[in-house]
Amino acid sequence: MNFNNLDQLYRSVIMDHYKNPRNKGVIEDGTMTVDMNNPTCGDRIHLTFDIVDGIVHDAKFEGEGCSISMSSASMMTEAIKGHSLKEAMQMSQEFTKMMLGEDYTITEDMGDIEALQGVSQFPARIKCATLAWKALEKGTVEKEGKGTTEDE
Ligand code: FES
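Residue 40 is where the sequence shown starts when you use my numbering, and the numbers rise one by one after that.
Spelled out as structure tokens, the structure:
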């Protein structure tokens with residue numbers, strides 16, 4: 040596959056997640072809740088998780104944002120389900136490396152995430168792509184720090 044075909048494939052994957060978001064909604068009795076906005080544009084994301092014994096049983100998102108931020112949230116929630124929070128943090132680190140143009144490792148479970156690789160060439164959009172992952176990190180740090188989150 041040449042570069043243009045790969046680029047088109049990635050674009051179609053991103054638009055598919057934007058138009059048909061996975062895990063859109065709210066987990067009413069979730070065990071972890073996080074709100075975050077992108078300070079550069081004001082777009083926001085609301086994440087809810089059902090975490091039992093450190094394993095992410097379910098993850099949902101809702102928010103208002105561009106196609107990159109919303110598709111990234113869709114991909115992130117898909118990727119981390121069934122994984123421990125520790126594994127989710129490792130995925131987040133690999134995603135950050137990908138955005139910084141560094142060597143990264145994408146496991147099979149991370150699904151469509153590599154489609155966002157091209158965003159690393161557009162510094163102004165990196166915050167869009169990392170919004171959901173930064174929110175996940177924030178929630179995890181809060182949860183581990185307090186044993187709960189402010190929203191519980
Ligand atoms: Fe606001 Fe992308 S332009 S999150």
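Where a beta carbon is used, it is the ideal one built from N, C-alpha and C, also for glycine. The model shown is predicted, which means the values in this text are computed figures rather than measured ones.
Next item on the list: Let me know the secondary structure DSSP gives G150 once reduced to three states.
Entry: Correct three-state label for G150: helix.
Checklist line | By C-beta, the residues closer than 6 Å to any heavy atom of the ligand FES, given in chain order | finding: Chain-ordered list of matching residues: N77, C80, D82, G104, C105, I107, S108, C167 and L170.
Check: Buried or exposed: where does F161 fall if 16 or more other Cβ atoms within 10 Å of its Cβ makes it buried?
Finding: F161 should be labelled exposed.
Item checked: Among Q156, V180 and A171, the one whose alpha carbon lies nearest that of D46 -> Nearest option by C-alpha distance: Q156.
Item checked: Per DSSP, the bridge partner or partners of V52 -> In the DSSP output, where bridge partners are listed per residue, V52 has none listed.
Next item on the list: Helix, strand or coil for T135, going by three-state DSSP, please let me know.
Entry: Reduced to three states, the DSSP call for T135 is helix.
Check: Applying the criterion that 16 or more other CB atoms from any shown protein chain within 10 Å of the CB defines a buried residue, is E141 buried or exposed?
Finding: Per the 10 Å Cβ criterion, exposed.
Next item on the list: Taking 8 Å as the threshold, find out whether the stretch 98–105 comes into contact with the stretch 131–150 through three or more Cβ pairs.
Entry: Judged by Cβ distances under 8 Å, the stretch 98–105 makes no contact with the stretch 131–150, as fewer than three pairs qualify.
Note to self: Contact defined as beta carbons within less than 8 Å: I believe S123 pairs with I152. What is the distance between those atoms, to the nearest angstrom?
What the structure shows: 18 Å between Cβ atoms; not a contact.
Checklist line | K120 (DSSP reduced to helix, strand or coil) | finding: In the structure shown, K120 sits in coil (DSSP, three-state: anything other than H, G, I, E or B).
Note to self: Give me the DSSP bridge partner(s) of A98.
What the structure shows: A98 is bridged to F88.
Item checked: Close beta carbons around A154, own chain, < 7 Å, minus the five adjacent residues each side -> Around A154, the same chain offers Y49, V52 and I53 as residues with beta carbons nearer than 7 Å, after the five sequence neighbours per side are excluded.
Item checked: Beta carbon of I107 nearer than 7 Å to that of R61 -> Taking a C-beta distance under 7 Å as the contact criterion, I107 and R61 do not qualify as a contact pair.
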